[in-house]
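Start counting the sequence shown at 1; every next residue gets the next number (full-length UniProt numbering). Notes for the one structure printed next.
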Amino acid sequence: MTDQAVSNFNRPRSRFTRSNRGCLTCRQQKVKCDESHPVCQKCTFRERRCEWPTAEQLVRPRRRRRTGANIATEKDTGGHSVQWHWNEEQQSGIGMTRNDEEGPAQAMSLSPSRNEASLRIFEERSSSQQHPLAPGSFSPPGNMLPSPAFSPTGPYNPFADLFQFVRDDSALRLPPVLDSVDRSGLANRRKHGTGQGSHQLDDLTEQEGLSRPIPDTEIVLVNGINIKALANAASYEDELVEFGPLGVSFHDDSRPSTSSHALTSAFPSPFSLQLFHHFLNYTSRILITMGNIGPNPLLTICASARLLDTACAGSAALRMSILSASTAHLISEAGERSSSSGNSSWIAGWASLKKSLQGLGEMFRKAAVANIVLAENDGTDQFDSILATCIILIIRDVISAGSTWQEDMEYAIRLVSQRGGAMAVINEEGGNFTRRFLVENLVVHDIFSCFVTNKEPALLVKFDPWWFECQEMSRTRWEWESVERTFGVSRGMIDLLARVVSLNAQKQRLGLDFRSGSVMATKMEKHVRAQADSLLLELDVWSNGLNVVPRGARVSCGDLLYRYMLNAYILGEILDKPISSPRVVASIDYCLELCSEASAMRMTVMLVWPLLICGTLCLPPVRERVTGLLDAFAWDYCDDLKAARRLMLEQWDQIDNHGGRQSWTDLMKKLDLNVLLI
1 MTDQAVSNFN RPRSRFTRSN RGCLTCRQQK VKCDESHPVC QKCTFRERRC
51 EWPTAEQLVR PRRRRRTGAN IATEKDTGGH SVQWHWNEEQ QSGIGMTRND
101 EEGPAQAMSL SPSRNEASLR IFEERSSSQQ HPLAPGSFSP PGNMLPSPAF
151 SPTGPYNPFA DLFQFVRDDS ALRLPPVLDS VDRSGLANRR KHGTGQGSHQ
201 LDDLTEQEGL SRPIPDTEIV LVNGINIKAL ANAASYEDEL VEFGPLGVSF
251 HDDSRPSTSS HALTSAFPSP FSLQLFHHFL NYTSRILITM GNIGPNPLLT
301 ICASARLLDT ACAGSAALRM SILSASTAHL ISEAGERSSS SGNSSWIAGW
351 ASLKKSLQGL GEMFRKAAVA NIVLAENDGT DQFDSILATC IILIIRDVIS
401 AGSTWQEDME YAIRLVSQRG GAMAVINEEG GNFTRRFLVE NLVVHDIFSC
451 FVTNKEPALL VKFDPWWFEC QEMSRTRWEW ESVERTFGVS RGMIDLLARV
501 VSLNAQKQRL GLDFRSGSVM ATKMEKHVRA QADSLLLELD VWSNGLNVVP
551 RGARVSCGDL LYRYMLNAYI LGEILDKPIS SPRVVASIDY CLELCSEASA
601 MRMTVMLVWP LLICGTLCLP PVRERVTGLL DAFAWDYCDD LKAARRLMLE
651 QWDQIDNHGG RQSWTDLMKK LDLNVLLI
């Protein structure tokens with residue numbers, strides 16, 4: 001053997017330990033668990049009951065890896081190991097693993113003495129007249145922000161302290177207090193992405209004294225934010241909402257005392273800073289699921305220096321839109337927490353708290369719109385900030401079932417059209433991925449809005465080449481698959497979906513009805529029928545293409561799901577075929593089966609409209625299956641699923657009362673809704 005082979009042979013082998021974070025069923029069967037919640041994939045495949053350990057069983061001491069120093073120490077002490085004492089203040093973990101799941105072995109339990117000390121520090125900070133987050137009075141926990149890097153000869157640039165690690169469109173490197181949340185992991189749940197690990201973050205934030213106590217009420221923390229204090233913050237926090245830029249300059253002669261000066265200047269209120277952290281840790285991970293490769297583009301927006309520019313109206317609009325989306329997601333989290341807490345006083349008072357928080361979120365939205373108006377008139381080019389603001393406000397309306405999405409979408413579309421269209425906007429920055437990501441999001445939301453408005457898409461017309469040409473500007477795999485990773489379906493399926501809703505808009509505008517069965521069909525009826533038959537043929541060919549083109553399981557499932565949904569939609573909605581026809585029944589059955597599989601396998605795909613369309617066109621015995629899927633999706637969606645359930649029940653009521661199928665616009669008017677579902 002060679003010397004290298006001998007050295008490799010004599011090298012001590014690494015000792016591995018079995019993971020103790022899997023479900024109890026897999027550990028009993030002695031198989032490796034993928035640790036996905038609430039049901040792991042092994043138990044799903046074998047159709048067995050998946051049981052998880054309780055919170056009391058999770059807390060156990062952390063194992064230390066045996067090293068040469070440990071073994072030598074044991075020999076010196078007669079075989080007894082030495083107990084090492086860890087400094088808890090130097091721990092950067094907060095009870096979560098890198099896979100966005102609970103880390104019971106890393107969870108910290110604070111001693112009573114430390115809790116008392118933290119409480120004294122908390123009271124001193126609360127009673128002090130100095131701002132708790134002002135420069136000089138606040139020191140970030142651990143290495144919350146990068147250490148100041150300055151040149152003795154050059155001027156001080158505070159943005160270099162925060163974003164010296166950002167290159168082009170790279171993702172934001174979160175501080176250690178946020179770093180335990182894996183920003184690039186696939187979000188298995190849109191709403192419950194953190195599980196029990198969020199309680200560890202609640203304890204840490206309470207320890208740092210970022211929440212203001214309310215003496216006459218019970219303090220309830222959700223994801224580290226004092227809900228009751230936040231609901232009352234708008235009445236006494238003048239710096240919480242920005243109706244216009246703050247105008248604070250970073251270029252002072254004196255160097256700021258901490259590197260967090262830029263961040264605390266952009267978010268001067270402690271509650272706004274908490275909501276910004278909540279957006280980074282939680283909200284951004286449910287708004288986009290970029291998969292396991294590549295950064296989250298929403299965090300790239302937060303990593304740009306323009307976000308912290310307090311003298312720019314466009315930056316103020318972007319900050320307010322982020323806080324508005326964070327508040328909407330926090331309301332959904334708190335509502336779920338209140339319903340499952342079992343605390344009667346918390347449940348009884350949640351209705352008034354929710355109303356106050358919704359009012360605060362609406363104030364953030366109005367402030368964002370006001371700053372957009374100011375940005376239009378200041379003479380500077382702030383296109384990226386304004387477009388990002390509109391996109392975040394649209395997504396905020398989706399998760400909160402808001403009614404202002406149409407105004408924001410029309411404004412964003414007009415903004416893109418004024419610059420020469422989508423491709424011209426993307427080419428301005430030389431294929432900048434962040435701008436392309438924003439345009440793609442606007443296009444997809446515009447297409448899905450056509451199910452509600454019965455209009456044609458504004459940005460992606462029939463066989464528009466720019467939709468595929470912009471993909472050639474990609475530099476990495478996750479840029480090439482941006483649409484697939486964001487929405488769970490392929491780019492070609494989005495184009496096909498746009499052509500289907502365009503054909504339905506033409507039929508509705510012409511007032512055609514194929515149920516009459518007249519022998520003398522008009523020229524337009526023949527044209528629409530020919531276009532529908534062509535799309536059905538393309539869908540049949542699409543199934544053959546899925547067997548050839550290599551794609552991930554999530555995208556393949558999403559494409560097949562939408563293939564059967566569009567097949568039923570064209571037959572039942574455009575061609576007015578009876579719902580009892582074999583092709584419609586078979587397409588609905590396949591689509592619902594794929595919806596069930598996507599939900600069971602935790603594959604994040606846009607599932608609301610497939611359920612609504614299949615539920616409208618299905619036979620009465622299938623409705624119970626649709627209702628069961630609506631219940632199963634409750635873990636993956638926010639208030640948008642509740643609105644979809646109301647629409648579905650109202651549609652069934654109209655059909656049963658011999659009113660026939662109603663358009664979604666008429667149903668929303670009857671229920672006083674105006675929601676964008678996706």
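C-beta: ideal position from N, C-alpha, C; glycine also.
Asked                                                                                                   : Found
Assigned exposure category for A303 - 16 Cβ within 10 Å defines buried                                  : buried
Buried or exposed by the 16-neighbour rule on C-beta atoms within 10 Å, applied to Y236                 : exposed
N371 - DSSP class collapsed to helix/strand/coil                                                        : helix
Which residues DSSP lists as bridging I225, in chain order                                              : V222
T310 vs A266 beta-carbon contact at 8 Å                                                                 : yes
The stretch 454–472 / the stretch 520–532 touching (three or more Cβ pairs under 8 Å)                   : no
Among L330, Y569, L673, nearest to A643 - alpha-carbon criterion                                        : L673
Buried or exposed (CB count within 10 angstroms, at least 16 for buried), T476                          : exposed
Beta-carbon spacing of N371, M320 below 8 Å                                                             : yes
Assigned secondary structure, S304 (DSSP; H/G/I helix, E/B strand, else coil)                           : coil
Helix, strand or coil at N504 according to DSSP, with G and I counted as helix                          : helix
Straight-line Cα distance separating T264 from M668                                                     : 42 Å
Nearest-angstrom beta carbon gap, S324 and L393 [assumed within contact, 8 Å]                           : 7 Å
Inter-residue Cα distance where the pair is E123 and Q29                                                : Unreliable placement is indicated for E123, whose pLDDT of 42 sits below 50; the coordinate value is still reported in the next sentence. Each residue's Cα considered, the two are about 51 Å apart.
Closest residue to Q508 among A388, A424, D636, S663 (Cα-Cα distance)                                   : S663
Pairwise C-alpha distance: M565 and P270                                                                : 47 Å
Cβ neighbour criterion (16 or more within 10 Å) applied to D238                                         : exposed
Whole-Å CB distance - E503 paired with A530, under 8 Å assumed                                          : The residue you asked about is not Glu; residue 503 is Leu in the sequence shown. That pair is no contact at about 10 Å.
Alpha-carbon spacing of Q41 relative to C33, whole angstroms                                            : 8 Å
First and last residue of the uninterrupted alpha helix (DSSP H) at T453                                : 433–453
Of the listed residues L575, L617, V608, V622, nearest to L630 (C-alpha basis)                          : V608
Cα-Cα separation between R436 and L374, rounded to whole angstroms                                      : 25 Å
Near the ligand FAD: L330 beta-carbon under 7 Å from a heavy atom                                       : In the structure on display, the ligand FAD does not appear, and there are no ligands present to speak of.
C-alpha gap between N20 and A553, whole angstroms                                                       : 28 Å
Buried versus exposed call for D656 [16 or more other C-beta atoms within 10 Å across all chains shown] : exposed
Proximity to Q418 [Cα-Cα], best of A458, R646, S400, A317                                               : A458
Opening and closing residue of the alpha helix (DSSP H) in which F271 lies                              : 270–278
Candidates M363, K228, G224, of which the one nearest G244 by Cα                                        : M363
For R623 and G103, the rounded distance between their alpha carbons                                     : Since pLDDT at G103 reaches only 37, below the 50 mark, its modelled position is unreliable, and the value read off the structure follows with that caveat. Roughly 40 Å separates the two Cα atoms.
Distance CB(G558)-CB(G488) smaller than 8 Å                                                             : yes
Burial state of A348, where buried means 16 or more other Cβ atoms lie within 10 Å                      : exposed
Rounded straight-line distance, which links the Cα of R661 to that of K455                              : 19 Å
Under the three-state DSSP convention, the category C38 falls into                                      : Per the sequence shown, residue 38 should be read as Pro rather than Cys. Residue state, collapsed to three classes: coil.
Proximity of I301 and T434 at Cβ, strictly below 8 Å                                                    : yes
Cβ-Cβ separation, S326 to T283 (assumed contact under 8 Å), whole Å                                     : 5 Å
Burial state of G545, where buried means 16 or more other Cβ atoms lie within 10 Å                      : exposed
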